[in-house]
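Engineer: Let me begin by handing over the structure; questions about it come next.
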Amino acid sequence: MTLDLPKGGNAPLPGAHCRITIAAAHVPVDVSAVLLNSDGKVRGDDDLVFYNHPVQDGITVSGNIVTADLHRVPAEVERIAVVASIDVGHPHARFDARSTPRASLESGTARLAFAPPPMSDGETVAVLVELYRRAGGWKVRAVGQGWSNGLAGLAASFGIVVDDPGPAAPAPAAPAPARPLGRVDLVKGGQATINMRKDEPGLVITASLEWDGGSGLRRRAGADLDLYALCVPRGHVTPKGARPVKSEEVVYYRRLGSATEPPYIALDGDARAPGRETITIRRPDLQGYVLICAYSAVENGTGSFKSYGARAVVTDGRGSTVTAPLFSNRNLSYWVAIALIDFTVPGGVEIRHVEKYSGNHQEARPALYSNGNFRMSSGPVEFKGG
Numbered sequence: 001m002t003l004d005l006p007k008g009g010n011a012p013l014p015g016a017h018c019r020i021t022i023a024a025a026h027v028p029v030d031v032s033a034v035l036l037n038s039d040g041k042v043r044g045d046d047d048l049v050f051y052n053h054p055v056q057d058g059i060t061v062s063g064n065i066v067t068a069d070l071h072r073v074p075a076e077v078e079r080i081a082v083v084a085s086i087d088v089g090h091p092h093a094r095f096d097a098r099s100t101p102r103a104s105l106e107s108g109t110a111r112l113a114f115a116p117p118p119m120s121d122g123e124t125v126a127v128l129v130e131l132y133r134r135a136g137g138w139k140v141r142a143v144g145q146g147w148s149n150g151l152a153g154l155a156a157s158f159g160i161v162v163d164d165p166g167p168a169a170p171a172p173a174a175p176a177p178a179r180p181l182g183r184v185d186l187v188k189g190g191q192a193t194i195n196m197r198k199d200e201p202g203l204v205i206t207a208s209l210e211w212d213g214g215s216g217l218r219r220r221a222g223a224d225l226d227l228y229a230l231c232v233p234r235g236h237v238t239p240k241g242a243r244p245v246k247s248e249e250v251v252y253y254r255r256l257g258s259a260t261e262p263p264y265i266a267l268d269g270d271a272r273a274p275g276r277e278t279i280t281i282r283r284p285d286l287q288g289y290v291l292i293c294a295y296s297a298v299e300n301g302t303g304s305f306k307s308y309g310a311r312a313v314v315t316d317g318r319g320s321t322v323t324a325p326l327f328s329n330r331n332l333s334y335w336v337a338i339a340l341i342d343f344t345v346p347g348g349v350e351i352r353h354v355e356k357y358s359g360n361h362q363e364a365r366p367a368l369y370s371n372g373n374f375r376m377s378s379g380p381v382e383f384k385g386g
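Residue numbers (full-length UniProt numbering): 1 to 386.
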């Protein structure tokens with residue numbers, strides 16, 4: 001039997017695990033959870049558990065479901081707010097009498113439900129229920145509080161910092177020339193910034209996948225690698241706290257791109273033997289993120305990308321060259337993300353060593369999101385022809 005909670009009502013949670021399902025009619029919603037301390041504030045940005053940060057301290061968000069392993073929640077977390085927000089892809093949608101979200105909850109033998117009073121003040125975000133500690137156990141409270149100013153209102157209430165770039169500062173009349181970085185070999189997880197004026201006419205960045213094929217035995221076994229550049233244009237970058245979206249922009253041997261029109265990124269071709277594949281990046285001021293990945297064709301057989309001598313090399317052609325080598329000997333992955341080029345940093349371009357691998361024998365390519373995060377094995381599968 002399901003117990004319907006009134007607004008403000010509460011009930012104990014008899015189980016160590018809790019599952020909350022959110023539903024809303026007529027509008028697509030995103031579901032998130034916020035971990036709060038005794039002051040009702042987050043400890044840090046990681047306490048917002050959502051689409052692109054789906055697991056934190058025993059709390060997991062998957063689609064419209066929040067699951068809580070209550071024994072794993074740290075002692076300093078006193079409350080967990082479960083939030084429904086209208087998908088950012090529908091900027092004019094609002095919760096109303098027909099679309100007010102509702103929650104159902106399962107914990108041990110308990111079956112609970114909460115349908116808030118219809119929302120009618122232009123709300124786009126709402127806390128439906130919260131889990132909270134009481135007398136050594138956990139309870140649930142029906143909240144039903146909404147905000148008409150979206151995620152910013154929720155963020156302000158819970159102490160979540162949302163980046164606000166504010167008005168752009170005027171460019172100096174006569175900027176000093178950027179000092180060349182020289183040659184930098186990144187350490188594992190390292191980063192380096194090439195200083196530049198990104199709107200300077202004629203400025204070109206190149207990023208190459210280089211590999212020598214490794215040993216003679218390795219080259220004979222097969223050493224056909226492919227450069228994939230996953231891209232987010234500057235105009236598609238989402239601010240911190242907003243729901244990121246998966247980018248479909250990619251430059252590779254079947255989609256060579258263009259240096260004279262969007263995406264202003266072009267690949268020089270497909271190298272079937274050890275050597276180099278290079279993308280030319282123009283209009284750095286219009287770029288957001290570029291993720292440099294390598295794919296190893298199935299025909300290569302097993303062998304780590306490191307054994308091919310693979311590395312990513314990024315240069316501005318003006319005395320700054322950053323190399324991202326590989327350190328892992330993982331030999332059953334078809335994909336590796338090597339370096340992320342971040343064009344959103346002020347005054348330059350940051351190259352980060354990321355080195356993440358796909359699962360064993362997984363053909364799906366990585367997916368880059370509009371906030372610069374990425375997931376391995378989350379993109380489409382596309383086999384290379386002969």
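Beta carbons are placed, not taken as given, at the ideal position from N, Cα and C, and that holds for glycine.
(1) Decide if residue 149 is buried, meaning its Cβ has at least 16 other Cβ atoms within 10 Å, or exposed.
(2) Could you round the C-beta distance between residue 279 and residue 245 to whole angstroms and report it? I think they count as a contact, below 8 Å.
(3) If you measure between the beta carbons of residue 253 and residue 224, is that distance less than 8 Å?
(4) Cβ atoms of residue 56 and residue 46: under 8 Å apart, would you say?
(5) Using the three-state DSSP reduction, which class does residue 374 fall into: helix, strand or coil?
(6) Could you spell out where the alpha helix (DSSP H) holding residue 150 opens and where it closes?
(7) My assumption, with CB atoms under 8 Å, is that residue 412 sits in contact with residue 306. Please give the rounded CB distance.
(8) Have a look at 111, 119, 105 and 81 and flag the residue whose alpha-carbon is nearest the alpha-carbon of residue 98.
(9) Spell out the partners DSSP gives residue 187 in its beta bridges.
(10) Taking all protein chains shown into account, decide if residue 167 is buried (16 or more other Cβ within 10 angstroms of its Cβ) or exposed.
(11) Rounding to the nearest angstrom, what Cα-Cα distance links residue 239 and residue 206 in this structure?
(12) Exposed or buried, what is residue 164 when buried is set at 16 or more other beta-carbons lying within 10 Å of its beta-carbon?
(13) Three or more beta-carbon pairs under 8 Å between the segment 105-125 and the segment 181-190, yes or no?
(14) Looking only at its chain, what residues have a beta carbon closer than 7 Å to the beta carbon of residue 6, apart from the 5 residues adjacent to it on each side?
(15) Taking 7 Å as the cut-off, is the C-beta of residue 3 nearer than that to any heavy atom in the ligand NAP?
(16) Would you identify the three-state DSSP class for residue 284, choosing helix, strand or coil?
(17) May I ask you to report which of helix, strand or coil DSSP gives residue 134?
(18) Excluding the 5 residues preceding and the 5 following residue 133 in the sequence, name in chain order all residues of the same chain whose CB lies nearer than 6 Å to its CB.
(19) Candidates 256, 257, 28 and 193: which alpha carbon is nearest residue 90's?
(20) Taking 8 Å as the cut-off, decide whether the C-beta atoms of residue 88 and residue 32 are in contact.
(21) Which same chain residues end up closer than 6 Å to residue 362 when comparing Cβ atoms and leaving out the 5 residues on each side of it in sequence?
(22) Count the CB pairs spanning the segment 316-328 and the segment 265-275 that are closer than 8 Å, and state whether there are at least three.
(23) Find the nearest neighbour of residue 286 within the set 316, 234 and 261, judged by alpha-carbon distance.
(24) Would you call residue 39 buried or exposed, if buried means 16 or more other Cβ atoms sit within 10 Å of its Cβ?
(25) Excluding the five sequence neighbours on either side, which residues of its own chain have a C-beta within less than 8 Å of the C-beta of residue 24, listed in chain order?
(26) Give the single residue among 241, 295 and 231 whose Cα lies nearest to the Cα of residue 264.
(27) Could I get the ranges of all uninterrupted beta strand (DSSP E) runs contained in the segment 293-344, with 3 residues as the minimum, in chain order?
(28) Tell me, to the nearest whole angstrom, how far the beta carbon of residue 343 is from that of residue 289; I am working on the premise that it is less than 8 Å.
Structural biologist: Taking the coordinates as given:
(1) By the neighbour-count rule (16 or more Cβ atoms within 10 Å), residue 149 is not buried but exposed.
(2) Separation of the CB atoms of residue 279 and residue 245 is rounded to 23 Å, and the pair is thereby denied contact status at 8 Å.
(3) No. Outside cutoff.
(4) In this structure, residue 56 lies closer than 8 Å to residue 46 by Cβ.
(5) strand
(6) 150-158
(7) Outside the displayed range of the chain (1 to 386) lies residue 412, so it cannot be described from this structure.
(8) 119
(9) When beta bridges are read from the DSSP output, residue 187 appears opposite no residue.
(10) Any answer about residue 167 is weak, because its pLDDT of 42 lies below 50 and its placement is not dependable; what the coordinates show is given next. Under this definition residue 167 is an exposed residue.
(11) 26 Å
(12) Confidence at residue 164 is low in this model, with a pLDDT of 42, below 50, so the placement of that residue should be treated as unreliable; the coordinate-derived value is given next. Classification for residue 164: exposed.
(13) no
(14) 142
(15) Within the structure as shown, the ligand NAP is missing, as the structure has no ligands at all.
(16) helix
(17) strand
(18) 78
(19) Ranked by Cα distance from residue 90, the options 256, 257, 28 and 193 are led by 28.
(20) Taking 8 Å as the cut-off, the beta carbon of residue 88 is found no closer than this to the beta carbon of residue 32.
(21) 377
(22) Too few Cβ pairs lie closer than 8 Å, so no.
(23) 234
(24) exposed
(25) 84, 95, 99, 100, 101 and 102
(26) 231
(27) The qualifying runs are 311-315, 320-325 and 335-342.
(28) Rounded to whole angstroms, the Cβ separation of residue 343 and residue 289 is 7 Å, and the two are in contact under 8 Å.
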